[in-house]
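Respectively, the protein sequence lines represent chains A and B.
Heads up: the first sequence begins at 1 in the working numbering, then just goes up one per residue.
Heads up: the second sequence begins at 1 in the working numbering, then just goes up one per residue.
C-beta: ideal position from N, C-alpha, C; glycine also.
Quick caveat: nothing in here was measured; it's all calculated off a predicted structure.
Step one of this worksheet: look at the structure below.
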Amino acid sequence: MTVMKKKLNKTTKSNLITYAMVVIVYIIVQLLVSGGAVSSLMKGLLVPLCVYSILAVSLNLTVGILGELSLGHAGFMCIGAFTSATFSKLTNGVIQPAGFRFFLAILVGAVFAGIFGLLIGIPVLRLKGDYLAIVTLAFGEIIKNIVNVIYLGRDSHGIHFSIKDAASLGMDADGEMIIKGPQGITGTPTDSTFTIGIVLILVTLFIVLNLVHSRSGRAIMAIRDNRIAAESVGINITKYKLMAFSISAALAGVAGVLYAHNLSTLTALPKNFGYNMSIMILVFVVLGGIGNIRGSIIAAVLLTMLPELLRGLNDFRMLIYAIVLIATMIITNNEKIMNTIRRFLPKKQAQPVKEETK
Amino acid sequence: MQFISYLINGISLGSVYAIIALGYTMVYGIAKMLNFAHGDIIMVGSYVVYIAVSSLGLNPILSVVISAIACLVLGVVIEKVAYKPLRHASKLAVLITAIGVSYFLQNVALLIFGANTKSFTSVVPAVSVKLGGITITAETIVTILACVIIMICLTLFINKTKAGHAMQAVSEDQDAAQLMGINVNATISLTFAIGSALAAVAGVLLCSAYPSLTPYTGAMPGIKAFVAAVFGGIGSIPGALIGGILLGVIEILSKAYISSQLSDAIVFGVLIVVLVVKPTGILGKVIQEKV
Chain A
1 MTVMKKKLNK TTKSNLITYA MVVIVYIIVQ LLVSGGAVSS LMKGLLVPLC
51 VYSILAVSLN LTVGILGELS LGHAGFMCIG AFTSATFSKL TNGVIQPAGF
101 RFFLAILVGA VFAGIFGLLI GIPVLRLKGD YLAIVTLAFG EIIKNIVNVI
151 YLGRDSHGIH FSIKDAASLG MDADGEMIIK GPQGITGTPT DSTFTIGIVL
201 ILVTLFIVLN LVHSRSGRAI MAIRDNRIAA ESVGINITKY KLMAFSISAA
251 LAGVAGVLYA HNLSTLTALP KNFGYNMSIM ILVFVVLGGI GNIRGSIIAA
301 VLLTMLPELL RGLNDFRMLI YAIVLIATMI ITNNEKIMNT IRRFLPKKQA
351 QPVKEETK
Chain B
1 MQFISYLING ISLGSVYAII ALGYTMVYGI AKMLNFAHGD IIMVGSYVVY
51 IAVSSLGLNP ILSVVISAIA CLVLGVVIEK VAYKPLRHAS KLAVLITAIG
101 VSYFLQNVAL LIFGANTKSF TSVVPAVSVK LGGITITAET IVTILACVII
151 MICLTLFINK TKAGHAMQAV SEDQDAAQLM GINVNATISL TFAIGSALAA
201 VAGVLLCSAY PSLTPYTGAM PGIKAFVAAV FGGIGSIPGA LIGGILLGVI
251 EILSKAYISS QLSDAIVFGV LIVVLVVKPT GILGKVIQEK V
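What follows is the structure in structure tokens.
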């Protein structure tokens with residue numbers, strides 16, 4: 001019993017450190033902003049940092065906790081972004097106050113992304129390993145592609161929908177376009193602030209950390225560690241896999257909402273919702289440590305800042321980014337170098353669990 | 001008539017995908033890794049030919065050979081520097097490294113050549129054959145021929161030569177192959193060399209048909225070829241051919257008859273359906289999981 005209690009305290013303590021870390025960073029940044037020490041460039045980066053942190057934490061749920069490689073995370077972000085931006089455009093001015101409308105928009109984005117996560121998860125989670133990775137990548141690309149052909153407009157007769165072009169909507173002259181195919185959504189209310197972003201990070205952390213340390217979380221991790229053994233002790237594989245996957249998708253949707261309401265123009269480009277984005281989030285997760293929630297946030301923040309900090313080097317910054325990626329992977333996987341580094345680190349660090357290579 | 005000409009175009013594009021997919025599938029079969037940088041080797045190969053033909057004024061065929069050799073060396077160097085230290089690391093670490101290599105190649109190309117689109121001069125003379133009502137360009141014929149020749153050579157190489165047998169053995173069981181006295185490292189290097197040289201050829205063929213070259217040219221065909229490899233059953237060489245051709249045909253036909261904007265979505269949609277029905281691709285081996 002005492003052992004249990006001690007262990008529980010340890011996880012609670014670790015969780016509290018994570019929350020505290022976010023809050024402290026928030027306070028420091030706010031102080032710096034009010035002191036005028038933050039350049040406008042960095043200010044513009046604050047909300048994206050929150051977006052990436054949420055994405056990294058949510059993807060870590062799929063990759064680290066569930067143990068399935070997903071390369072389509074940006075697709076769920078895309079769904080969250082577009083559904084919520086559409087909702088905001090439709091209800092802008094109708095639902096008051098604006099803060100409440102934004103709250104509803106977040107729910108809309110999360111719910112839609114979660115539903116898609118569930119729908120996509122049902123066929124996808126039957127697959128394994130690299131096949132699962134490529135299918136999630138395919139779904140991400142399909143979502144991006146389809147969003148680019150949607151035309152949605154509103155006039156006095158109601159809402160019009162087409163996948164051909166704006167003219168085929170057949171709207172009245174006073175009609176308002178909401179989604180204009182490849183041009184996306186313009187004029188989304190810019191509700192996202194750094195404070196809201198931080199609150200959403202905390203909520204995401206709360207959901208993920210509590211899930212991980214719950215009965216369901218242990219079931220999910222049991223499936224990750226040994227699917228057959230988990231099944232043999234009566235764990236419903238499909239249920240828990242879908243649970244983790246759709247929660248992860250819903251949280252990515254929340255990140256999408258934040259993203260969409262940060263810019264007044266929302267378009268689905270390969271750059272923001274393509275597989276490149278999914279891969280970038282995966283890089284955050286892997287560099288932060290697979291399964292390490294706190295690490296995801298740190299990696300997301302550092303790696304987003306890195307190209308900006310290297311702005312002085314201009315053309316070379318993405319090259320340096322690439323080299324940092326390769327070097328980190330080689331160094332962290334080299335026993336000799338890691339042992340040398342460990343000698344300089346405080347001793348208390350637990351021995352990292354070696355991941356089983358299939 | 002229209003349909004047949006679309007079909008031929010599809011087979012031609014599919015042949016390019018098949019050649020790229022071969023590189024993916026061989027590397028996957030032997031090193032068990034997804035080489036995300038493979039698409040960017042296509043781009044490097046195309047730039048080498050671009051310089052050789054446009055700036056140095058070399059003979060196109062000689063340029064292709066130079067490009068293949070350059071990519072071969074590049075492939076082996078990448079393997080030695082980036083992938084070899086991670087031979088026993090987790091799959092994800094290797095994947096991220098491959099992504100890093102991909103970014104690296106793209107950005108080096110960006111630094112050297114800039115972001116402007118270079119117009120690629122086709123290495124094939126611009127003649128065409130008329131058959132009935134169908135016009136077939138020389139590029140189409142050369143592409144399909146190249147694919148057939150490469151397939152035959154590769155199949156013979158793998159089944160008839162000692163090095164080919166070594167590749168099969170390494171892909172089956174690395175440790176057992178090592179015990180049998182096979183040089184595993186050399187075999188893996190050889191695989192990367194062949195795959196990369198093929199990527200150079202594919203790049204030239206691709207850029208001859210779609211003559212615009214940027215540092216990101218290789219990314220999308222790379223992903224499509226990866227899909228083709230998975231489609232046919234990753235690790236299987238005939239699978240890469242079937243997957244590549246099918247993918248090319250589906251892409252061109254859906255562009256022609258359904259929607260050019262949705263063609264990628266359709267290609268990926270078909271992949272999903274195939275994998276859900278047959279989770280290891282068309283010719284993939286089903287490996288029974290043991291407790």
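| Check | Outcome |
| --- | --- |
| Beta-carbon contacts of Pro-104 of chain A that lie in its chain and below 8 Å, excluding the five residues immediately before and after | Residue identity check: residue 104 of chain A is Leu in the sequence provided, not Pro. Phe-87, Thr-91, Ile-95, listed in sequence order. |
| Sheet register partners of His-160 of chain A (DSSP bridge) | A:Gly-153 |
| Residues near Leu-247 of chain B in its chain [Cβ-Cβ closer than 7 Å; skip 5 each side] | Gly-14, Tyr-17, Lys-224, Val-227, Ala-228, Phe-231, Val-267 |
| Ala-85 of chain A versus Met-243 of chain A: straight-line alpha-carbon distance, rounded | 26 Å |
| Where Glu-176 of chain A falls, given that 16 or more other Cβ within 10 Å makes a residue buried | exposed |
| Pair within 8 Å by beta-carbon distance, Ser-171 of chain B and Gly-75 of chain B | no |
| Contact with chain A by Val-44 of chain B, beta-carbon distance below 8 Å | no |
| Rounded C-alpha distance that separates Leu-209 of chain A from Ile-293 of chain A | 8 Å |
| Environment of Ala-252 of chain A [buried if 16+ CB atoms lie within 10 Å] | buried |
| Pair within 8 Å by beta-carbon distance, Gly-117 of chain A and Ala-249 of chain A | yes |
| Neighbourhood of Ile-258 of chain B by C-beta, 7 Å cutoff - its chain only, sequence neighbours within 5 removed | Ile-266 |
| Chain-ordered residues of the stretch 239 to 252 of chain B with a beta carbon less than 7 Å from chain A | none |
| The stretch 327 to 344 of chain A / the stretch 206 to 226 of chain B touching (three or more Cβ pairs under 8 Å) | no |
| Test item: CB-CB of Ala-138 of chain A and Ser-278 of chain A under 8 Å | no |
| Whole beta strand (DSSP E) elements within the stretch 122 to 181 of chain B, 3-residue minimum | 128 to 131, 134 to 137 |
| Cα-Cα separation, Gly-235 of chain B to Gly-281 of chain B | 10 Å |
| Contact residues within the stretch 12 to 39 of chain B, judged by C-beta distance below 7 Å to chain A | Leu-34 |
| Cβ-Cβ distance between Leu-275 of chain B and Ile-242 of chain B below 8 Å | no |
| Nonlocal neighbours in the same chain, by C-beta distance under 8 Å from Ile-235 of chain A, ignoring five residues either side | Ala-219, Ala-222, Ile-223 |
| Partner residues on chain A for Val-108 of chain B, Cβ-Cβ distance less than 7 Å | Leu-319 |
| Collapsed DSSP secondary structure at Asn-9 of chain B in the structure displayed | helix |
| Among B:Ala-93, B:Gly-218, B:Ala-199, B:Leu-56, the one whose alpha carbon lies nearest that of Leu-72 of chain B | B:Ala-199 |
| Per-residue contacts from Arg-126 of chain A into chain B (C-beta, under 8 Å) | Val-276, Pro-279 |
| Cα-Cα separation between Leu-111 of chain B and Met-280 of chain A, rounded to whole angstroms | 21 Å |
| CA-to-CA distance, Gly-129 of chain A to Pro-60 of chain B, given in whole angstroms | 42 Å |
| Test: Thr-217 of chain B CB closer than 8 Å to a CB of chain A | no |
| Contact with chain A by Gly-75 of chain B, beta-carbon distance below 8 Å | no |
| Proximal residues, the stretch 195 to 213 of chain A versus chain B, C-beta separation under 9 Å | none |
| Beta-carbon gap between Ile-250 of chain B and Cys-147 of chain B smaller than 8 Å | no |
| Per-residue DSSP class, three states only, for Leu-269 of chain A | coil |
| Boundaries of the alpha helix (DSSP H) in which Lys-180 of chain A is found, first to last residue | Run containing Lys-180 of chain A: none in the alpha helix (DSSP H); it sits in the beta strand (DSSP E), 176 to 180. |
| Option nearest Ile-196 of chain A by Cα separation, candidates A:Leu-287, A:Leu-46, A:Ile-65, A:Gly-181 | A:Leu-46 |
| Start-to-end residues for the alpha helix (DSSP H) that takes in Ala-109 of chain B | 91 to 113 |
| Neighbour list for Phe-113 of chain B in chain A, Cβ cutoff strictly below 7 Å | Under the 7 Å cutoff, chain A gives no residues; its nearest Cβ is about 12 Å from Phe-113 of chain B. |
| Bridge partners - Leu-241 of chain B, DSSP secondary structure assignment | The partner list for Leu-241 of chain B (beta bridge, DSSP) is empty, contrary to what the question assumes. |
| CA-to-CA distance, Met-318 of chain A to Tyr-216 of chain B, given in whole angstroms | 14 Å |
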